[in-house]
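Residue numbers (UniProt numbering): 1 to 629.
Structure below.
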């Protein structure tokens, strides 16, 4: 909850500034109270209100971040499943809780500190990197904020940061904790292993006697028991069944193609990073240093005081930028650094990370796809038009067979078991309805994901039944032979282990050896049993281990155990990184506990009706979570 709030103070003020300034007039989003008046808050923590504008900006920011992560706009159901409203709400409640705590403790900052934070906010700097008063006031005006309002927000933000920093630094991590974890997780094993094959046996396993077959059959009855089966009758109507009733002309397809021209024809694109410079000389100097490998493009980004995301322009299309930039980016299909190029913001260097050529699909080539889509859409429309008639037939008591005779619906029968996925059982909706229905239930019309519909009835349920031995005899014999083979192979393990311990090579013992080197704990070894892999990491070098699992017998010899060496350069970096991660995790845990404590003490009161109205405006009515924070 609190990870997004952490970081240095400048970044925190910048984040809060972006939330306010990029809201595009989100102050107008306020919801009405009982008398129609605009509400300014959706609740409070103690005496501190949870402002409508803060929630709207945070929710929009959360949605935008999720959309960028998935590369598309999320649906309402996906937003609800990801609990994005809850994430946004918890964040704004946390901000209000910290502001309330700052007020309670009398923590505030002076005008000089507020001025420093605002002057250093990147959103308000000009091309020369200095504070731009006009840009500052214009941005606030567009967001519907006064200078006093924003400066008060900044004052509260800095006060919150003081509390957060104090809490986060209140516990020191044991310096050996990260080392202990890495010594366990990064210890390495090198070992040889083999799966014992039945060619090691002096003779193939014989056919079992009748008594042995009977014993196998009685010992594992679950292996020979038929699952519960549902005998089902159903009627269905899918778009494919109505395709011959749909007529489509070339004129219709041409109109669809023209309406979706950009779908079939995309200009060339480039994935691009950009760095702006104060003047051409600075840009030229940076390009020269990159060309001779004195610095990298990422180094230049850092020199400009930027993060990689600040330079990322994403994908740009040919023709969407100025002629000068277009010429530089699309002159050829090469990757790399281009520039300096004059832009509206100043001279810039561009890094081309990926090249996507133009995509052109002529009408004649697009026709099959368009025809299939048109026919599918019209077929679904035909089904939709018939739903009331089909419902009426079911309600009148018509049998499924009668409905199939009187309509385009087709009659079918199927035996369903839990693993059934063939035929009409391939539809998830059908499987769910089939296993939810009971004998005697009235058939109901149910939608399919492709626009079709069906109705079903359960004719009979056959409980799990042990199949007669004669019916499964061949399977029982195969199971006995497989089990007997493993038992006899397992009996060879002591002799093989003794020889391996004395230094014998796997090949001498007719074993097909696999070698695994420098394996770390938890690493997956394809073909090797998981239990034996775990045991290998609990044993010393020279140990001979074996296991019977997953229908095989394994044997292994550990050749070497390599402890984690914290003194190597790479491991020192890893140790430092893990130490920092543990420190951050500890700080976040402390902050989470602190936030929960002050919210419980001061009380969180939320206007659920106002929250739901805002959700309705922003994402189409997915309700925000209710309950205590």
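For glycine and all other residues, C-beta sits at the position ideal for the given N, C-alpha and C.
Starting from residue i, trace the alpha helix (DSSP H) in both directions and tell me its first and last residue.
i	result
residue 595	569-602
residue 536	530-536
residue 172	From DSSP, residue 172 is part of no alpha helix (DSSP H); its letter is neither H nor E.
residue 100	84-105
residue 58	52-70
residue 283	280-291
residue 545	Note, residue 545: premise wrong, no alpha helix (DSSP H); beta strand (DSSP E) at 544-549.
residue 615	608-619
residue 204	Here residue 204 belongs to no alpha helix (DSSP H), and DSSP marks it neither H nor E.
residue 295	Run containing residue 295: none; DSSP gives neither H nor E here.
residue 376	363-395
residue 113	111-119
residue 251	250-259
residue 78	76-81
residue 502	No alpha helix (DSSP H) contains residue 502, which DSSP labels as neither H nor E.
residue 217	210-219
On the criterion of 16 or more Cβ atoms from any shown chain inside 10 Å, does residue i qualify as buried, or is it exposed?
i	result
residue 261	exposed
residue 160	buried
residue 615	buried
residue 611	buried
residue 24	Confidence at residue 24 is low in this model, with a pLDDT of 37, below 50, so its placement is unreliable and no value can be given for it.
residue 155	buried
residue 277	buried
residue 292	exposed
residue 439	exposed
residue 609	exposed
residue 110	exposed
residue 507	exposed
residue 153	buried
residue 8	In this prediction, residue 8 has a pLDDT of 42, which is less than 50 and means its spatial position is unreliable; what the coordinates show is noted afterwards. So residue 8 counts as exposed.
residue 105	exposed
residue 642	For the chain, the structure presents residues 1 to 629; residue 642 sits outside this window and is missing.
residue 613	buried
residue 294	exposed
According to DSSP, which residues form a beta bridge with residue i?
i	result
residue 233	413, 457
residue 341	348
residue 177	In DSSP, residue 177 forms no bridge with anything.
residue 356	269
residue 439	458
residue 49	44
residue 315	271
residue 465	226
residue 447	453
residue 131	125
residue 605	44
residue 336	352
residue 276	348
Could you tell me whether the Cβ atoms of residue i and residue j are closer together than 8 Å?
i	j	result
residue 503	residue 514	no
residue 246	residue 379	yes
residue 45	residue 604	yes
residue 167	residue 591	yes
residue 410	residue 519	no
residue 437	residue 458	yes
residue 150	residue 92	no
residue 466	residue 476	no
residue 300	residue 324	no
residue 189	residue 537	yes
residue 550	residue 223	no
residue 270	residue 348	no
residue 579	residue 95	no
residue 265	residue 329	no
residue 193	residue 516	yes
residue 500	residue 544	yes
residue 376	residue 239	yes
What are the start and end residues of the beta strand (DSSP E) that includes residue i?
i	result
residue 191	188-195
residue 540	Careful: residue 540 lies outside any beta strand (DSSP E) and carries neither H nor E.
residue 557	552-562
residue 517	514-520
Since I believe residue j is in contact with residue i (beta carbons under 8 Å), could you give me their beta-carbon distance rounded to a whole number of angstroms?
i	j	result
residue 633	residue 575	Limits of the chain in this structure are 1 at one end and 629 at the other, which puts residue 633 out of reach.
residue 382	residue 253	Contact flag wrong, Cβ pair sits at about 19 Å.
residue 448	residue 387	Incorrect: roughly 12 Å between the Cβ atoms, too far for contact.
residue 337	residue 297	6 Å
residue 85	residue 59	7 Å
residue 233	residue 400	6 Å
With a threshold of 7 Å, establish whether the CB of residue i neighbours any heavy atom of the ligand NAP.
i	result
residue 201	The ligand content of the structure shown is nil, which means the ligand NAP is not present either.
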